[in-house]
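Colleague:
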Ligand code: CO
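Have a look at this one:
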């Protein structure tokens with residue numbers, strides 16, 4: 022497959038290299054390090070995101086569309102090794118064989134010849150798992166919003182096969198952000214089912230199992246586009262933004278997937294609060310219309326449910342992440358939103374919010390294992406210092422007092438900051454932040470290691486080439502995975 026940078030356009034954005042293809046797949050031991058990696062950091066950061074936004078002479082249209090590439094940074098004895106490989110999904114293999122885009126993605130349709138349409142009349146859903154990394158049962162998987170996780174080998178990054186659930190929970194659309202309940206040792210997530218009527222299927226899956234248990238099936242006239250959801254100790258929270266699916270359009274229009282959703286602000290945003298135990302919708306509350314990709318955290322407090330998320334006044338952020346504005350109209354790009362806390366009183370039908378910081382923020386992370394579903398203090402995310410500069414800073418927000426700390430460096434464009442807790446940490450932010458940063462000046466990427474507490478830069482681990490901007494990843498602690506293996510022998 023021709024994997025080339027976007028060469029045929031007059032790109033004028035300073036960060037444009039981050040939207041061009043990664044030049045090679047490779048494996049490197051002991052990368053050059055400026056600074057020092059803490060000796061306690063032993064494990065791997067595994068991430069996914071597009072490795073190219075082009076196939077042959079065709080370009081994908083949206084940042085979310087590119088063919089998935091896995092990236093792994095492994096830490097041991099203060100040294101860092103790195104590997105990156107394309108995920109060999111069906112979508113990737115077909116694109117490679119045909120030299121053109123084979124499956125429709127979030128913002129791109131696949132064009133098929135008459136012969137292809139006659140021999141294979143039903144368009145196939147993509148399995149290009151480019152959004153997040155998680156574990157299903159005991160296997161590492163790369164996931165997207167179609168329900169086809171792809172299993173890979175965490176050592177070699179070799180693609181193994183599609184993950185198959187041993188159940189029949191109905192649904193064709195899902196989220197790439199499942200939640201983990203550490204008390205129950207179980208995963209919670211949902212599917213959107215479009216056949217025969219529309220419903221949300223909320224499910225629970227025991228860790229180490231490959232069987233989902235349907236806990237709620239909630240009928241809905243027009244499903245909302247939801248990238249994530251919230252979870253507290255007792256509840257699942259769906260924030261239904263008024264970006265609503267037109268099922269007929271999805272079936273017949275031939276438009277890219279996301280363009281079959283319509284923004285209907287007059288409907289407002291509806292929060293559904295669902296009991297994890299009974300599966301019942303115990304409460305529903307409305308607010309003015311807004312849109313979000315990412316929930317940050319949620320928790321219960323004095324008969325109210327607090328839902329923190331990154332909000333936008335409408336869904337135009339989706340349009341602004343098409344490659345056309347990203348590369349040619351950087352001043353129009355919105356890449357980060359407002360950190361809001363919605364308060365849902367379980368006795369009232371109206372949800373109110375407060376703004377937790379004046380800084381814009383996206384790709385939010387927390388100390389998940391310690392704080393998810395609980396009252397907490399810190400959010401880590403990326404942000405933007407000025408219009409036209411895409412994502413150019415990392416921000417730490419203290420949500421209890423609204424103060425922020427910032428990391429910025431000239432011509433540098435950071436990715437999602439993943440928190441790795443120090444062993445026996447006493448405070449919530451004791452650990453490090455790991456973020457893959459594009460340096461537009463030196464035309465390569467590096468892994469930034471920040472001290473979570475002091476916010477001091479600890480190290481930069483230099484890569485020999487640049488990586489295309491990615492989305493999400495997880496840090497897997499080597500000690501925790503040893504315990505996991507021992508438990509399941
Ligand atoms: Co996401």
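In this note's numbering, the protein residues as written are 22 to 510.
The beta carbon of each residue, even a glycine, is placed where N, CA and C say it ideally should be.
The ligand CO heavy atoms versus the CB of residue 49: any closer than 7 Å?
Modeller: As a position in the chain shown, residue 49 is number 28, starting the count at 1. Answer for residue 49: no, Cβ out of range of the ligand CO.
Colleague: Any contact between the region 50-68 and the region 97-113? By contact I mean 3 or more CB pairs, one from each, below 8 Å.
Modeller: Contact between the region 50-68 and the region 97-113 is present, because at least three Cβ pairs lie under 8 Å.
Colleague: Should residue 185 go down as buried or exposed, given a rule of 16 or more other Cβ atoms within 10 Å for buried?
Modeller: Stepping through the chain shown from its first residue, residue 185 is reached at position 164. Exposed, because fewer than 16 other Cβ atoms sit within 10 Å of the Cβ of residue 185.
Colleague: Looking only at DSSP bridge pairs, what is residue 292 linked to?
Modeller: The count along the chain shown starts at 1 and reaches residue 292 at position 271. Note: residue 292 sits in a beta bridge opposite 260, 306.
Colleague: Check this for me: beta carbons of residue 248 and residue 315, under 8 Å apart or not?
Modeller: Counted from its first residue, the chain shown places residue 248 at position 227. Counted from its first residue, the chain shown places residue 315 at position 294. It is a contact, given that the beta carbons lie within the stated cut-off.
Colleague: Just confirm the distance between the C-beta atoms of residue 359 and residue 381, as a whole number of angstroms; I'd bet it's less than 8 Å.
Modeller: Numbered from its first residue, the chain shown carries residue 359 at position 338. Numbered from its first residue, the chain shown carries residue 381 at position 360. Between residue 381 and residue 359 the Cβ distance is about 7 Å, and since that is below 8 Å, they are a contact.
Colleague: Report the residue from 389, 245, 429 whose alpha carbon sits nearest the alpha carbon of residue 407.
Modeller: Position 386 of the chain shown, counted from the first residue, corresponds to residue 407. Looking at the Cα atoms, 429 is the closest of the given residues.
Colleague: Given a cut-off of 8 Å on the beta-carbon distance, is the pair residue 210 and residue 240 in contact?
Modeller: Taking the chain shown and counting its residues from 1, the one referred to as residue 210 is at position 189. Taking the chain shown and counting its residues from 1, the one referred to as residue 240 is at position 219. It is not a contact, given that the beta carbons lie outside the stated cut-off.
Colleague: Would you check if the region 112-119 and the region 368-382 touch, i.e. whether three or more CB-CB distances between them fall below 8 Å?
Modeller: Short answer: they don't touch.
Colleague: Would you kindly work out how many angstroms separate the C-alpha atoms of residue 512 and residue 322, rounded to a whole number?
Modeller: Residue 512 lies beyond the residue range present for the chain, which begins at 22 and ends at 510; the question has no answer from this structure.
Colleague: By the three-class DSSP mapping on this structure, what secondary structure does residue 491 have?
Modeller: Your numbering for residue 491 matches position 470 in the chain shown. In this structure, residue 491 counts as coil in the three-state DSSP scheme.
Colleague: What does the alpha-carbon distance come out to for the pair residue 86 and residue 268?
Modeller: Position 65 of the chain shown holds residue 86. Position 247 of the chain shown holds residue 268. Residue 86 and residue 268: Cα-Cα distance of roughly 21 Å.
Colleague: What do you reckon, are the CB atoms on residue 440 and residue 419 nearer than 8 Å?
Modeller: On the chain shown, position 419 is the one that residue 440 refers to. On the chain shown, position 398 is the one that residue 419 refers to. No, the pair does not count as a contact, with Cβ atoms beyond the cut-off.
Colleague: Near residue 450, which residues of its chain fall below 6 Å by C-beta distance, leaving aside the five closest residues on each side in sequence?
Modeller: The residue you call residue 450 lines up with position 429 of the chain shown. Cβ within range, chain order: 399, 473, 474.
Colleague: In three-state DSSP terms, what is residue 93?
Modeller: By 1-based counting over the chain shown, the position of residue 93 is 72. If DSSP states are grouped into helix, strand and coil, residue 93 belongs with the strands.
Colleague: Say the cut is 7 Å; is the CB of residue 492 nearer than that to a heavy atom of the ligand CO?
Modeller: Indexing the chain shown from 1 puts residue 492 at position 471. Yes, Cβ of residue 492 sits closer than 7 Å to a heavy atom of the ligand CO.
Colleague: Return yes when the C-beta of residue 127 is under 7 Å from any heavy atom of the ligand CO, and no when it is not.
Modeller: Looking up residue 127 in the chain shown gives position 106. Flag unset: Cβ of residue 127 not near the ligand CO.
Colleague: Measure the alpha-carbon distance for residue 251 versus residue 262 and round it to whole angstroms.
Modeller: For the purposes of this step, residue 251 is identified with residue 230 of the chain shown, where counting begins at 1. For the purposes of this step, residue 262 is identified with residue 241 of the chain shown, where counting begins at 1. Rounded to whole angstroms, residue 251 to residue 262 spans 13 Å at the Cα level.
Colleague: Is it right to say residue 273 is buried, meaning 16 or more other beta carbons lie within 10 angstroms of its own, or is it exposed?
Modeller: Translated into positions along the chain shown, residue 273 becomes position 252. Burial call: exposed.
Colleague: Locate the beta strand (DSSP E) running through residue 282, then write down its first and last residues.
Modeller: Looking up residue 282 in the chain shown gives position 261. 282-284 is the extent of the beta strand (DSSP E) around residue 282.
Colleague: Could you tell me which of 236, 259, 253 sits nearest to residue 299, measuring between CA atoms?
Modeller: If you number the chain shown from 1, residue 299 lands on position 278. Considering only alpha carbons, the answer is 236.
Colleague: Can residue 118 be considered in contact with the ligand CO, in the sense that its beta carbon sits closer than 7 Å to one or more heavy atoms?
Modeller: Within the chain shown, numbered from 1, the residue matching residue 118 stands at position 97. Residue 118 Cβ: outside cutoff for every heavy atom of the ligand CO.
Colleague: On the premise that residue 310 lies in contact with residue 289, defined as a C-beta separation below 8 Å, what is that separation, rounded to the nearest angstrom?
Modeller: Here the question's residue 289 lines up with position 268 in the chain shown. Here the question's residue 310 lines up with position 289 in the chain shown. Sure, about 5 Å apart at Cβ, within 8 Å.
Colleague: Mapping the DSSP letters down to three states, classify residue 237 as helix, strand or coil.
Modeller: Locating residue 237 in the chain shown gives position 216, counting from the first residue. Note: residue 237 maps to strand in three-state DSSP.
Colleague: Going by beta carbon distance, what residues of the same chain come within less than 8 Å of residue 453, once the five residues before and after it are set aside?
Modeller: Locating residue 453 in the chain shown gives position 432, where the first residue counts as 1. Cβ within range, chain order: 59, 62, 440, 441, 443, 470, 471, 472, 473, 479.
Colleague: Counting C-beta neighbours from all protein chains within 10 Å, is the total for residue 78 16 or more, i.e. buried, or is it exposed?
Modeller: In the chain shown, the residue the question calls residue 78 occupies position 57. Exposed, because fewer than 16 other Cβ atoms sit within 10 Å of the Cβ of residue 78.
Colleague: Does the beta carbon of residue 332 fall short of 7 Å from some heavy atom of the ligand CO?
Modeller: Taking the first residue of the chain shown as position 1, residue 332 is located at position 311. Answer for residue 332: no, Cβ out of range of the ligand CO.
Colleague: Going by DSSP, name the residue or residues bridged to residue 329.
Modeller: Within the chain shown, the letter at position 308 stands for residue 329. Partner(s): 318, 362.
Colleague: Based on Cα-Cα distance, which residue from 496, 152, 498, 467 lies nearest to residue 484?
Modeller: Translated into positions along the chain shown, residue 484 becomes position 463. Per the Cα distances, 467.
Colleague: Using the rule of at least 16 other Cβ atoms within 10 Å of the residue's Cβ for burial, across every protein chain shown, is residue 23 buried or exposed?
Modeller: Counting from 1 along the chain shown, the entry for residue 23 is found at position 2. Bear in mind that the predicted position of residue 23 carries a pLDDT of just 42, short of 50, making it unreliable; the figure below should be weighed with that in mind. By the 10 Å Cβ count, residue 23 comes out exposed.
Colleague: Which value, in whole angstroms, describes the spacing of the CA atoms of residue 147 and residue 447?
Modeller: Indexing the chain shown from 1 puts residue 147 at position 126. Indexing the chain shown from 1 puts residue 447 at position 426. Cα-Cα distance, rounded: 43 Å.
Colleague: Name the residue from 76, 70, 82, 111 whose alpha carbon lies nearest to the alpha carbon of residue 93.
Modeller: Here the question's residue 93 lines up with position 72 in the chain shown. Out of 76, 70, 82, 111, 70 has the C-alpha closest to the C-alpha of residue 93.
Colleague: For residue 225, I'd like the list of residues in its chain whose CB is within less than 6 Å of its CB, leaving aside the five on either flank, ordered along the chain.
Modeller: The residue given as residue 225 occupies position 204 in the chain shown. Excluding residues within five positions, the ones whose Cβ falls inside 6 Å are 207, 209, 234, 236.
Colleague: Check residue 510 in the structure and name its three-state DSSP category.
Modeller: Here the question's residue 510 lines up with position 489 in the chain shown. At residue 510 the pLDDT is 41, less than 50, meaning the model places this residue with poor confidence and gives no usable figure here.
Colleague: Taking the alpha-carbon of residue 340 as reference, which of 54, 330, 354 has the nearest alpha-carbon?
Modeller: Position 319 of the chain shown holds residue 340. Considering only alpha carbons, the answer is 354.
Colleague: Would a C-beta distance cut-off of 8 Å place residue 312 and residue 266 closer than the cut-off?
Modeller: Counting from 1 along the chain shown, the entry for residue 312 is found at position 291. Counting from 1 along the chain shown, the entry for residue 266 is found at position 245. Contact flag unset, no.
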